[in-house]
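Protein sequences appear in the order of chains B and R. Per the working numbering, the very first residue in the first sequence carries number 240; after that it's consecutive. Per the working numbering, the very first residue in the second sequence carries number 16; after that it's consecutive. Just so it is clear, CB atoms sit at the ideal spot from N, CA and C, and this is done for glycine as well.
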Amino acid sequence: MIVALPIAALMWESRADGLHGFWAAVTQPEAVAALKLTLGISAIVALINALFGTIIAWTLVRDEFRGKSVVNAVIDLPFALPTIVAGLLILALYGPHSPVGVHLAFTRAAIVLVLCFVSLPFVVRTVQPVLYEVDEQMEEAARSLGAREHKVFSRIVLPSILPGILSGVAMAFARVVGEIGSIVIISGNLPFKTEMASVYVFNQGQNGNSVAASAVAVVMLTVSFAVLLFIGGIRRLATRHERA
Amino acid sequence: MPRTWRTYAVRFTALGYLVLILVAPLSMLFWRVWVEGVDKAWAAITDPDTIHAFKITLILCAITVPLNTVFGIVCGLAIVRRRFPGKGLVNAFVDLPLALSPVVVGFSLYLLYGRTGWFGPWFTEHGVQVLFALPAMVLATIFVSVPFVAREVVPTLREIGNEQEQAAYTLGASSWQTFWRVTLPAIRWAVIYGVVVTTARCLGEYGAVAIVSGNISGRTETATLRVQDYYENLDQAGAYGVALMLCVLAIAVLVVMTKLKPKEEMI
C-alpha cells in the first residue's frame, strides 16, 4: 500500500503521453545529459568505494592499533548524518571559503567527493563480516608453500570477499544514483554540466513538467530494480554451496 | 602476521582516506560555526521557524518510527516464518526503498495525491489536505524508512530458528503469548537497532519530503529543509548552525548504535 501504489502512479504518469511521449521525454538533451552524468559519476564513486572500502575493511579486521574502535564507529556516521549536512560539510572544506585553498564547489569533482562521503559505509560494512570469516590458516599455508603476498591476496582472500565487495558496491551505486540531499547544495545544478538525474526530476516536477520528470524517474526506478536483482543474484551465487 | 611496511601502508591509506573524506569535513563544520559567529548560529537555532522545523521533524519521527517498527516486525515474521503466494514480491518491495531515490519516492507520492492524481481529488472533496501538509510528509518518511527494522529482524529470526516457539506451542501457549514471551525477547536487540537506524533516516530525510512538503517556512518545513533555506538565503551562519544541531543529533544516534551493536552480536 505504502510502497507499491505510488510506484504504480509513477508508471501510469510516465505513460500519459504514450510510449512516444515517454521516449521523447527521456531522450531530451538535458535529460540524457543528466542521466549520463549520474551513471558516469556513480560508476566512478562505486569504483573508489570498491578500492578504499576494501582497504578500510581490511585495516579494521586485520590491523591492530589504538583508537580502532573509534574509527570503526565513525564509519557509520554518513548513515546517521542527514545528507544535506554532508553536502554542507564538504562545501565547508572544499568550497569557496576553503581553508586549504581547494575550491571545488559547483564542479563534478565536488559531486564525486560528496558522494564518496555519503556511500562510504556500504562496502566497508559488507566486506568486514566476510573478512572476519576468512580462515587465516589457508593464507599461512599458501605462504609456507612459497606464495607471494599479492598472490595470497588475489587467490585466497579476494575470491572469498568478492561477493561482499560486489554487493556493497551495488548498494553504494544505487544509493549514489538516487542521492539528492547532499548534491543540491554543492553541485550548483548547472544543466548539462553538474545537473544530476535526481535534481532534474526534482526541478521538472517543481515546474509542473510531470511527464519529463516521471520519465527520468522511471529510468531511475529501473536502475534500482536492476541493482536489487544483481544483489539477489550475487547472494544466490555466494550461498550456492550452503543450499546445495 | 608480521608487521611489515605493507601493514603500515594499508593502514595509512585507509586512515588517510577517512580523514580526507570524513573527519576533516566534519571538523570543518565546528570551525565554520566558530568563524561565522556562535551567537549568530545560536540566533538561527533559536529562531521560531527553526524550532518549528525541528518540531515537525520530531513529529514525523514520532509517527513514523512506531508504525515502521510494528510493520517491520510483522513483515520480518511473515518473510521468515510463513509461506504465502507473492512472498518474493513482498521481499523485493521491502528492499526497494533502500535502492530507490528519495526524489522518485517523493515525486510518485506527488503524482498520487496531487490535484490530478488518483487519490488527490477524493481527498480534496472531503476537505483533507494531503499534499504540502503533514500527511504527505508522513507518507514520504514512512516510505523511505520502511526497510530498516525488517532488514535487522529477518537475519536474527533466521538464526534463532523456531524450536523455542514450537516448544511454547506444545506447552499450550497461544500465538499471541508465544510472540510476547518467546519471539520478541529473542529479537529485541535487532528491533532496537532497527529503530535507531529508522530514527536516523527520519531525522535526515530530505529528497522525498522536499517534494511533497511545499517547503513553507513555519508550517511544513523540516530541519533538513531549514538548512537549505538558510543556505539559499546566503545565511551561512544559520545554515551551519542548524547543520551543527542535526550533526549533534546524528552523533547521538551513532553513539547509541555503537553501544547496541556488540550486544546484538553476542546473541
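Can you give me the Cβ contacts of residue i inside the same chain, cut-off strictly under 8 Å, excluding the 5 residues immediately before and after it?
i	result
Met-16/R	Legend: pLDDT at Met-16/R = 49, less than 50; position of this residue unreliable, value from coordinates given subsequently. These residues qualify, in order along the chain: Thr-22.
Glu-280/R	Because the pLDDT at Glu-280/R is just 47, under 50, the model does not fix this residue reliably, and the value given afterwards should be weighed accordingly. Same-chain partners within the cutoff: there are none.
Ile-350/B	Ile-280, Ile-422, Ile-425, Ser-426, Thr-433 and Met-435
Lys-278/R	Here Lys-278/R scores only 48 on pLDDT, less than 50, and its place in the model should not be relied on; the value that follows carries that caveat. Contacts found: Trp-204.
Ala-265/R	Ala-215, Leu-218 and Gly-219
Leu-384/B	none
Ile-288/B	Just to set this straight, residue 288/B is Asn in the shown sequence, not Ile. Cβ neighbours of Asn-288/B beyond the five flanking positions: Cys-355, Ser-358, Leu-359, Phe-361, Val-362, Gly-407, Val-408 and Ala-411.
Gly-121/R	Ala-155, Gly-222, Ala-223, Val-224, Ala-225, Ile-226 and Val-227
Asn-106/R	Ile-94
Would residue i pass as an interface residue toward chain B - the criterion being a Cβ-Cβ separation below 8 Å?
i	result
Tyr-184/R	no
Ile-88/R	no
Gln-243/R	yes
Ala-59/R	no
Leu-219/R	Reading off the sequence, residue 219/R comes out as Gly, not Leu. Taking Cβ atoms only, chain B reaches closer than 8 Å to Gly-219/R, which makes this a yes.
Trp-133/R	yes
Met-152/R	no
Ile-231/R	no
Cys-262/R	yes
Pro-112/R	yes
Ala-148/R	no
Ala-15/R	Nothing in the structure corresponds to residue 15/R, since chain R is present only between 16 and 282.
Leu-172/R	no
Leu-199/R	no
Between which residues of its own chain and residue i is the CB-CB distance below 6 Å, once the five residues before and five after are set aside?
i	result
Gly-326/B	Val-353, Ser-421, Ile-424 and Ile-425
Ala-285/B	Val-408, Ala-411 and Phe-412
Glu-378/B	Val-391 and Ile-395
Val-118/R	Gly-222
Ala-93/R	none
Thr-346/B	none
Under 8 Å, Cβ to Cβ, is there at least one residue of chain R near residue i?
i	result
Glu-252/B	yes
Thr-322/B	yes
Ser-437/B	yes
Asp-374/B	no
Gly-420/B	yes
Ser-453/B	yes
Val-242/B	yes
Pro-245/B	yes
Leu-460/B	yes
Gly-417/B	yes
Val-310/B	yes
Ile-425/B	no
Ser-449/B	yes
Gly-444/B	yes
Ile-294/B	yes
Val-284/B	no
Ile-404/B	no
Val-362/B	no
Phe-345/B	no
Trp-262/B	no
Glu-388/B	yes
Quick check on residue i - is its C-beta less than 8 Å from some C-beta in chain D?
i	result
Phe-108/R	Within the model displayed, chain D is absent; protein chains B and R are what it includes.
Taking 7 Å as the limit between beta carbons, can you name the residues of its chain near residue i, skipping five residues before and five after?
i	result
Asp-315/B	Pro-360
Val-80/R	Val-210, Thr-213, Thr-214 and Cys-217
Val-160/R	Note that residue 160/R is Ser in the sequence shown, not Val. Cβ neighbours of Ser-160/R beyond the five flanking positions: Thr-79, Asn-83, Thr-213, Arg-216 and Cys-217.
Gly-260/B	Val-450
Leu-274/B	Ala-436, Val-455 and Val-458
Ile-207/R	Leu-275
Phe-69/R	Ala-238
Pro-335/B	His-342 and Ala-344
Glu-477/B	One detail in the question is off: residue 477/B reads as Ala in this sequence, not Glu. Cβ neighbours of Ala-477/B beyond the five flanking positions: Pro-402.
Asn-230/R	Glu-236 and Leu-240
Would you mind listing the alpha helix (DSSP H) stretches within the stretch 338-422 of chain B that are 4+ residues and don't spill past its ends, in chain order? 347-372, 375-383, 388-391 and 397-417
Should the stretch 306-316 of chain B be called in touch with the stretch 437-448 of chain B, which here means at least 3 C-beta pairs below 8 Å? no
For the structure I just gave you, are there three or more beta carbon pairs, one from the stretch 113-133 of chain R and one from the stretch 458-468 of chain B, closer than 8 Å? yes
Give a yes or no on contact between the stretch 289-298 of chain B and the stretch 455-465 of chain B, applying the rule of three or more CB pairs nearer than 8 Å. no
Whole alpha helix (DSSP H) runs in the stretch 168-249 of chain R with 4 or more residues, listed along the chain? 178-185, 190-193, 199-219, 222-228 and 238-247
Whole runs of the beta strand (DSSP E) within the stretch 78-133 of chain R, excluding any shorter than 3 residues: none
Using a Cβ distance threshold of 8 Å, determine whether the stretch 242-252 of chain R contacts the stretch 130-144 of chain R, with at least three qualifying pairs required. no
At least 3 beta-carbon pairs within less than 8 Å: the stretch 97-113 of chain R vs the stretch 241-248 of chain B: yes
Is the stretch 250-257 of chain R touching the stretch 50-70 of chain R, taking contact as three or more C-beta pairs under 8 Å? yes
Check whether the stretch 120-134 of chain R and the stretch 165-176 of chain R are in contact - that is, three or more C-beta pairs closer than 8 Å. no
Considering only residues of the stretch 248-305 of chain B, which uninterrupted beta strand (DSSP E) runs meet the minimum length of 3 residues and lie entirely inside it, listed in chain order? none
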